[in-house]
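Undergrad: The structure under discussion is supplied below as structure tokens; questions concerning it will follow.
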Amino acid sequence: MQFQSLPGFREFYPDACARRNHIFGQWKQVARAFNFQEYDAPVLEPLELYIEKSGEEIVGQLFNFEDRGGRTVALRPEMTPSLARLIGAKANSLKRPIKWFNIGEHYRYEKPQKGRLRAFYQFNVDIFGESGPAADAELIALLVQALRTFGLDSKDFKVRLSDRDLWLLMLAAEGLDEAGSATVLGIIDKLERTERPKAIEQLYKVLGDGAEGFLGRVEQAIAIRDFDTLSEFILSLPLEGDLATQAKQRLKDWHALLGGIKSAGAADFIQIDLGIVRGLAYYTGFVFEAFEASGEGRALAGGGRYDALVNKLGGPEMPAVGFAMGDVTLVDLLESKKLLSTYVESPDFIAIIGGAEARDAAMSDAALLRSMGYRVDYPLKDQGFGKQFKDANQKGARFALIYGSEEIEKGVVKVRDFASGVEQEFLRNQLVELTPELVSNGLQECRP
RNA sequence: GUGGCUAUAGCUCAGUUGGUUAGAGCAUCGGCUUGUGGUGCCGAGGGUCGCGGGUUCGAAUCCCGUUAGCCACCCCA
């Protein structure tokens, strides 16, 4: 019987695993640089947690089952509900702002295809306890940095920035109530992939004869790419009283957000684009998605504000903003831009062993160097010198430790620096003292 | 859930109108005297040609079915 891995699940051979760890390392480093703290949460959760957040239809896309105790459970498809629970449970004792991140595997039962698997890693970054746009700016700056750290620049990706609050104001100006707004936002979210007549048909159900004119105004809004035009557009909306005040305040928030992003050096990566709505109902303010600039490929990351979710999942009122970045589309992009190399680590030392007696000496020295934290290897079976040197080279060793009968007799080991070709004998009983200097400087050609 | 494409060695692929025992490169392993460098030379292992049926004297090749993978649509927290 031949076994294969399950569809959409990956196996990581050492080179792939090293590459994955490199990506995690970069993510982690950026999160640390922004002073976010790492947390973790269970991979398996009660199914109800996800239904509560996203509704029954979610179940079709979950790895869910009944455990032996009769509990209905699911592998986590995302981190946010677990995180919201963690936050909610200790909300009153956590110092704010709460800046947390996680890197973990997530699972969705979907048909695997390009950029999308059933098991994937996500970099989740969130800020809780700060409702002002400074938090959104901080998070977007981190998102941009988390992509730039791989060598991607503003020609490679953009962060499209939108705002559900502005949309709600625009829709209020159109006379839509809350329910109507929700429906229309869903349509706007998909506008990019919908043919125009079809969109009008969908809008007609909510707006009647005004659908086509409405769509025109929506398209006008979506085309806006700079703040001044956006500002003008919003101020020209037929809003009165409280709504007009809200609109002005919201523009101030936009101004602050864009200012913050600019100060963080991320302005080149931002593209105002109200076409981004993000289908999820729980988003409440600014929303954003990082996209490959070419327009090809899937979203690299997505996020936004979700001020109501912690409360909805049983916690106190807690403003929140966060994003998630997946590893699958990121690796696709980095590969296409040739920004990934090989990350397998090479040994510091490989012993070249002349015979049985030499083997004892080599193993004893290897044990010593290993205990000092150096990466040391030696051949597990006796082989000719030529072959051993060849192998040492292929493994990328920095130094050869040569143990032949002459060296053993003298109580030394001959060290060869593969980079310079220089060899020097070291007294074996002085390895502890001499090795740090050797590793930091290597062996150089001696000049008189 | 719908559609398209593909399937030959670990990987990338050849394989003629159907014709002996299915090949190459890379990779792996061994050898080229137990004292010196990645690309050199010699050699070896490794394939039920995805699987099942059919046509034929004869099938990797033609036909039918099936499975898996990839890609696109749907969806995408």
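When we follow the numbering used here, the leftmost residue of the first sequence carries the number 3, and every step to the right adds one.
For every residue, glycine included, the Cβ atom is placed at its ideal position computed from N, Cα and C.
1. Using DSSP's beta-bridge definition, name the partner residues of Leu77.
2. Throw me the rounded Cβ distance for the Leu144 and Phe159 pair, which I believe falls under 8 angstroms.
3. Find the nearest neighbour of Leu170 within the set Phe152, Gly72, Gly106 and Phe288, judged by alpha-carbon distance.
4. Restricting to runs no shorter than 4 residues, where is the alpha helix (DSSP H) found entirely within the stretch 64 to 113?
5. Report the rounded CA-to-CA distance for Gln273 versus Val161, giving the unit in angstroms.
6. Exposed or buried, Leu436, counting other C-beta atoms within 10 Å across all chains shown (16 or more means buried)?
7. If I'm right that Ala268 touches Ile142 with Cβ under 8 angstroms, what's the distance once you round it to whole angstroms?
8. Using only alpha-carbon positions, find the residue among Pro199, Ala213, Gly153 and Lys200 that is nearest to Leu182.
9. At what residue ranges does the stretch 308 to 361 contain a whole run of the alpha helix (DSSP H), taking only runs of 4 or more?
10. How would you write the range of the beta strand (DSSP E) that Asp165 sits in, first residue to last?
11. Counting beta carbon pairs with one atom in the stretch 311 to 318 and one in the stretch 334 to 353, are three or more of them shorter than 8 angstroms?
12. With H, G and I counted as helix, E and B as strand and the rest as coil, what does DSSP make of Arg195?
13. Taking only the alpha-carbon atoms, compute the straight-line gap between Phe391 and Val424 and give it to the nearest angstrom.
14. Give the straight-line distance between the Cα atoms of Met374 and Asp367, rounded to the nearest whole angstrom.
15. How about the stretch 325 to 335 and the stretch 18 to 29: do they share at least three Cβ pairs that are nearer than 8 angstroms?
16. Find the nearest neighbour of Leu49 within the set Glu40, Pro83, Val32 and Phe293, judged by alpha-carbon distance.
17. Express the C-alpha separation of Ile354 and Pro381 in angstroms, rounding to a whole number.
18. On the three-pair Cβ rule with 8 angstroms, is the stretch 295 to 314 touching the stretch 86 to 95?
19. For Glu40 and Met81, what's the separation of their Cα atoms in angstroms?
20. Less than 6 angstroms between C-beta atoms, sequence neighbours within five positions excluded: which residues of the same chain meet that for Thr185?
21. When burial is assigned at 16 or more other CB atoms within 10 Å of the CB, is Lys192 buried or exposed?
22. When you compare only the Cα positions, how much space is there between Asn431 and Phe420?
23. Starting from Leu440, trace the alpha helix (DSSP H) in both directions and tell me its first and last residue.
24. Closer than 6 angstroms by C-beta to Pro9: which residues in its own chain qualify, once you throw out the five before and the five after it? Chain order, please.
25. Under DSSP, the alpha helix (DSSP H) around Lys412 begins and ends at which residues?
26. At which residue ranges does the stretch 234 to 286 contain complete alpha helix (DSSP H) runs of 4 or more residues, listed in the order of the chain?
27. Is Asp419 helix, strand or coil when you go by DSSP?
28. I'd like to know whether the C-beta atoms of Ala175 and Leu239 end up nearer to each other than 8 angstroms.
29. Helix, strand or coil for Asn23? Go by DSSP, reduced to three states.
30. I'd like to confirm the pairing. Which residues does DSSP put opposite Ile404 in its beta bridges?
31. Short of 8 angstroms in beta carbon distance, which residues of its chain neighbour Ser422, apart from the five on each side in sequence? Order them along the chain.
32. Where Tyr206 and Lys200 are concerned, what is the direct C-alpha to C-alpha distance, given to the nearest angstrom?
33. Mapping DSSP to helix, strand and coil, what is Glu40?
34. Grouping DSSP H, G and I as helix and E and B as strand, with all else coil, what is Glu294?
35. By alpha-carbon positions, which one of Glu234, Asp244 and Phe387 ends up nearest to Trp256?
36. Would you identify the three-state DSSP class for Phe216, choosing helix, strand or coil?
TA: Looking at the atomic coordinates:
1. Leu46
2. Leu144 to Phe159, Cβ: 14 angstroms. No contact.
3. Phe288
4. 82 to 92
5. 6 angstroms
6. Exposed, by the Cβ-count rule.
7. 7 angstroms
8. Before going further, note that residue 182 is Gly rather than Leu in the sequence given. Cα-wise, what sits closest to Gly182 is Ala213.
9. 311 to 314 and 329 to 338
10. Phe159 to Asp165
11. no
12. helix
13. 14 angstroms
14. 11 angstroms
15. yes
16. When only C-alpha atoms are compared, the closest one is Pro83.
17. Pro381 and Ile354 have their C-alpha atoms some 8 angstroms from each other.
18. yes
19. 13 angstroms
20. Val208
21. exposed
22. 23 angstroms
23. Leu433 to Asn443
24. Pro114
25. Ser407 to Lys412
26. 243 to 265
27. strand
28. yes
29. helix
30. Ile354 and Lys416
31. Gly444, Leu445, Gln446 and Glu447
32. 10 angstroms
33. strand
34. strand
35. Glu234
36. It is helical.
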